[in-house]
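These notes concern the structure reproduced below.
This is the structure we're talking about:
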């Protein structure tokens with residue numbers, strides 16, 4: 001029974017309850033119970049410190065990723081308050097920071113600008129419906145115990161996709177950096193040059209200043225502070241303040257400097273106060289149109305979140321439960337929907353900031369989200385003047401390290417097939433679009449995997465003299481019969497390998513053209529799927545047309561049960577089904 | 001060496017050539033050589049008969065499927081002349097009839113009405129580019145020996161897809177039957193009723209008359225003629241004339257009857273004469289936009305063609321070569337592109353007509369295509385008055401049997417997972433669209449397959465006393481060591497199973513918390529892919545954080561070669577790599 005069901009079950013049957021079992025089920029569904037129980041005094045100071053540091057990053061990131069997704073800034077801020085708190089209650093990672101993330105944001109942007117979605121003319125509604133659908137999809141996957149789906153997206157595909165999405169984000173941000181509109185130039189390079197030529201000087205100045213400040217707050221400042229022997233937690237605190245300082249300085253510049261009538265694009269006014277719960281209604285058709293996008297965004301968000309959670313959990317010897325993560329992330333997205341937030345996931349840069357600032361538990365994220373909530377209530381008026389160029393610079397610096405072209409070479413050197421999948425995914429994302437690129441990568445990976453694993457072990461067997469044992473004719477000296485071909489198949493027969501099996505049998509028949517009866521020994525066959533059954537029926541028709549028969553022996557009970565529901569045994573006639581291979585030899589040999 | 005390469009190779013090196021080998025290579029690339037060599041006099045009469053019968057079907061089908069695809073009628077006719085002749089030279093099926101087919105036509109219609117494609121405003125150009133791209137994709141797949149890809153689309157997915165596409169075709173044809181425009185009513189039923197209410201009486205009369213005639217020419221007429229003891233080939237000839245008669249009678253009705261100013265939609269004028277070769281040029285962007293559609297249509301066309309070819313080949317004990325089929329179908333599509341035809345594939349109804357009319361070889365299709373070519377040259381003026389309603393009736397009768405809702409129940413009873421995949425594909429095609437439905441079905445099938453096969457055999461082993469053999473501790477009484485965990489993994493480690501392996505190892509570590517060293521025995525591991533390597537690195541970090549080491553033993557040379565290209569061995573330190581498990585026990589035990 002899944003933990004959430006067993007918890008409900010125990011709640012409903014609380015007569016004679018086993019307190020211990022209830023507490024275990026409660027802890028499985030609310031992992032927070034587990035770590036709160038062992039919470040120590042020194043954890044508090046670590047978590048408060050990490051929470052404050054992370055909160056400083058969350059304001060600019062929340063606004064920036066909402067704008068990147070093509071949504072108003074408040075959707076990013078609202079997504080940074082309650083959803084991480086819901087994740088803190090339900091998630092199994094102690095350091096994952098949940099909120100708006102860059103890769104999901106560019107996927108949302110791609111969905112919102114798709115012709116059929118932009119025709120709806122209501123991006124806020126579409127964004128909220130995406131949150132709801134992503135949440136519902138994740139919870140449905142959890143109910144179906146599909147947490148293992150994370151395994152079907154191989155790391156090379158994920159790496160190629162991430163690099164491709166990051167490049168798309170960079171291209172998407174360049175107009176903000178130059179203060180121009182996104183040009184529609186297709187392959188005309190001169191047109192791009194012209195677009196860049198019409199740049200806004202004050203905007204570019206803010207962009208370059210912001211970039212310089214952010215880069216300086218990276219390793220140069222850390223190195224400098226280390227040389228000055230500043231203590232480590234102070235270094236961490238100072239170096240994480242780059243984005244906040246960038247936002248403050250650039251906002252001051254825009255508010256007080258005079259750019260001579262050359263305006264710099266700013267975030268603009270936000271609704272004031274905290275969002276109240278709200279249920280967005282829309283036509284069924286709107287929900288249907290958005291569903292495929294929600295599926296892709298949800299899948300990628302889940303895979304990335306679990307990957308990031310695993311990295312940090314491994315470093316601390318903790319454990320991530322994939323299905324519980326689906327429940328936590330799904331609930332966080334539904335919360336985002338109810339409180340006016342964009343879709344959320346576990347973010348790479350925000351989790352790394354939280355982790356490296358020393359967060360011990362999700363208490364750090366609860367503190368960060370609370371601080372953010374307070375700032376939304378009391379400071380939202382001052383967010384209006386933040387220049388978009390500064391936010392673009394923050395995105396560029398955060399995203400730049402995700403473009404890992406060299407990683408493709410690295411993968412290729414290790415494994416050619418994986419390298420090809422990584423490159424194809426990257427190119428697919430850039431040329432065809434995000435969904436198509438991921439699809440291509442997954443197809444290539446799984447196709448090469450299936451090709452490798454679609455050749456089951458098959459043996460032509462004969463009888464060990466004076467026994468009832470049948471063994472491979474290549475390895476043992478055994479009796480065989482002129483008109484009888486005994487073939488043992490050592491794996492389940494499925495769509496992936498039935499062609500190989502057919503070809504194998506056809507090859508054996510060609511080598512032994514006098515064969516009148518084939519007996520398939522199915523002792524090791526656990527299953528025959530619908531495709532394999534169709535293929536066997538067709539193969540049998542071919543044999544009958546050539547005057548030969550197909551027979552089965554030693555089929556397992558569950559395989560017999562399945563076949564008995566069909567007319568396969570009638571089709572086989574005059575071919576027969578034998579319980580023992582020895583019987584087949586007696587009847588046909 | 002693939003047959004086409006070996007053929008070229010031999011052509012280029014024709015000194016000292018082995019005549020026999022050249023002829024074999026020639027026959028592999030041009031299977032026509034093979035059957036022409038053994039062509040007998042009685043084959044000629046069979047093939048001429050079947051060719052004439054098939055030609056009678058091809059005119060209405062060619063026009064009807066072009067209109068279904070949203071293309072002018074001549075694109076269907078041109079696709080029915082040279083492409084089947086090219087297939088006849090190169091294909092390995094002796095009875096497959098290649099030309100415009102219904103399922104590909106509805107996919108083309110879906111591509112041409114997609115917002116980004118219809119914005120191009122040139123459906124003829126888009127249709128021809130699809131032919132070119134489908135041809136190029138098939139040839140590329142042949143070069144990469146990807147004929148086996150056909151195995152990754154399971155029969156339930158194909159059946160669900162076919163039923164869904166057939167339902168879409170039926171819905172698409174209903175407006176033609178009633179003589180109304182396709183209404184845009186979404187979920188408003190009253191709106192549909194209103195659309196049907198405005199039907200054109202003469203059009204509906206032609207539709208119903210055509211349907212009645214076509215249904216009568218099916219089994220009722222065959223039964224009647226059998227009762228009258230007409231000989232069998234005459235019955236075949238007569239019963240296949242239904243579509244032609246429908247077209248002739250309905251055309252006469254439209255040409256000579258007076259419908260009192262209520263016009264019946266007709267095909268309209270066609271260009272006269274035979275198409276000359278023509279190379280359509282277009283912007284690179286147009287080619288790029290159409291490529292994903294071409295990929296899907298090409299994949300489905302190939303899978304359906306091979307499936308149909310296999311059915312007829314099996315009944316005659318012949319053999320289909322998947323890669324050669326890719327070459328033949330790809331060349332046929334490139335021919336369609338050059339001579340102004342829509343994309344082609346092997347069609348179900350046309351192949352069944354050809355086969356049941358007694359075709360022995362592709363000579364039948366060469367004759368049918370030649371007759372069709374003559375009719376295009378001399379009769380195209382008379383095609384203009386064919387009423388669209390009669391063509392819609394022909395499509396409906398041909399397509400109706402492809403809707404097999406009961407088949408889903410049938411599959412479900414046999415195999416629940418397969419039944420679910422079939423239903424999901426059908427619903428996916430109807431709700432989300434053709435490409436999305438297929439994708440969903442393939443994902444479900446492969447996901448359930450991967451889940452079944454992603455649990456490799458793993459054993460904790462110990463040493464058989466006084467030997468250097470290591471055996472499963474569950475089956476043998478063996479020596480073990482307190483701080484040492486020896487684990488043998490019996491399959492390649494890949495993205496599909498590495499999570500399972502990790503979980504297994506974590507479970508063992510939990511049961512034996514005193515373990516200080518884990519040794520993975522890799523004797524049966526043929527490969528470690530990039531995802532698995534990443535996961536092992538992360539697992540090792542976790543072990544190191546807990547003060548434990550990861551070690552390897554008995555790795556195969558090729559696995560060692562791959563790992564040596566990375567820094568994995570450095571990461572393992574102080575964990576080590578041992579040639580023999582015995583060495584590991586000596587060092588760590």
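Protein chains in written order, with the UniProt record's numbering: chain A, 1 to 589; chain B, 1 to 589. Yeah, the Cβ is synthetic: ideal placement off N, Cα and C, and Gly gets one too. Remember, it's a predicted structure, so these values are computed and weren't measured experimentally.
Counting only beta-carbon separations shorter than 9 Å, does residue i have a partner in chain A?
i: residue 495 of chain B; result: yes
i: residue 116 of chain B; result: yes
i: residue 155 of chain B; result: yes
i: residue 222 of chain B; result: no
i: residue 211 of chain B; result: no
i: residue 401 of chain B; result: no
Measure the Cβ-Cβ separation of residue i and residue j and say whether it is below 9 Å.
i: residue 269 of chain A; j: residue 384 of chain A; result: yes
i: residue 239 of chain B; j: residue 531 of chain A; result: no
i: residue 245 of chain B; j: residue 235 of chain B; result: no
i: residue 517 of chain B; j: residue 538 of chain B; result: no
i: residue 391 of chain B; j: residue 267 of chain B; result: yes
i: residue 592 of chain A; j: residue 206 of chain A; result: With chain A represented from 1 up to 589, any question about residue 592 of chain A goes unanswered, as that position is not in the structure.
i: residue 127 of chain B; j: residue 71 of chain B; result: yes
If you drop the 5 nearest sequence neighbours on each side, which residues of the same chain put their C-beta closer than 7 Å to that of residue i?
i: residue 355 of chain A; result: 95, 312
i: residue 306 of chain B; result: 150, 320, 322, 325
i: residue 569 of chain A; result: 563, 577
i: residue 110 of chain A; result: 433, 434
i: residue 274 of chain A; result: 373, 376, 377
i: residue 514 of chain B; result: 482, 483
For residue i, collect the residues of the same chain with a Cβ closer than 8 Å to its Cβ; drop the 5 residues on either side in sequence, then sort them by chain order.
i: residue 559 of chain B; result: 522, 525, 526, 527, 528
i: residue 587 of chain A; result: 576, 578
Would you say residue i lies against chain B (beta-carbon separation less than 9 Å)?
i: residue 355 of chain A; result: no
i: residue 573 of chain A; result: no
i: residue 586 of chain A; result: no
i: residue 446 of chain A; result: yes
i: residue 324 of chain A; result: no
i: residue 2 of chain A; result: Only weak support exists for where residue 2 of chain A lies, its pLDDT of 44 falling under 50; the coordinates are left without a value.
i: residue 150 of chain A; result: yes
i: residue 316 of chain A; result: yes
i: residue 404 of chain A; result: no
Between the Cα of residue i and those of the options, spot the shortest distance and give me the residue it belongs to.
i: residue 308 of chain B; options: B/349, B/88, B/333, B/286; result: B/349
i: residue 432 of chain B; options: A/256, A/291, A/278; result: A/291
i: residue 134 of chain A; options: A/489, A/343, A/402; result: A/343
i: residue 100 of chain A; options: A/173, A/201, A/347; result: A/347
i: residue 143 of chain A; options: A/330, A/500, A/491, A/572; result: A/330
i: residue 156 of chain B; options: B/182, B/404, B/228, B/35; result: B/404
i: residue 552 of chain B; options: B/536, B/546, B/565; result: B/536
i: residue 213 of chain A; options: A/327, A/519, A/394, A/520; result: A/394
Once you ignore the five residues that flank residue i on each side, which residues in its own chain have a CB closer than 6 Å to its CB?
i: residue 426 of chain A; result: 160, 163, 164
i: residue 106 of chain A; result: 165, 168, 169
i: residue 2 of chain B; result: In this prediction, residue 2 of chain B has a pLDDT of 45, which is less than 50 and means its spatial position is unreliable; what the coordinates show is noted afterwards. For residue 2 of chain B, where only same-chain residues beyond five positions count, there are no Cβ hits under 6 Å.
i: residue 445 of chain B; result: 154, 157, 421
i: residue 223 of chain B; result: none
When DSSP builds the beta bridges, which residues end up paired with residue i?
i: residue 479 of chain A; result: A/463
i: residue 322 of chain B; result: Beta-bridge pairing links residue 322 of chain B to no other residue.
i: residue 458 of chain B; result: B/489
i: residue 142 of chain B; result: For residue 142 of chain B, which the question treats as bridged, DSSP gives no partner whatsoever.
i: residue 346 of chain B; result: B/98
List the residues of chain D that residue i touches, going by C-beta distances under 8 Å, in chain order.
i: residue 414 of chain B; result: Protein chains in the displayed structure are A and B, and chain D is not among them.
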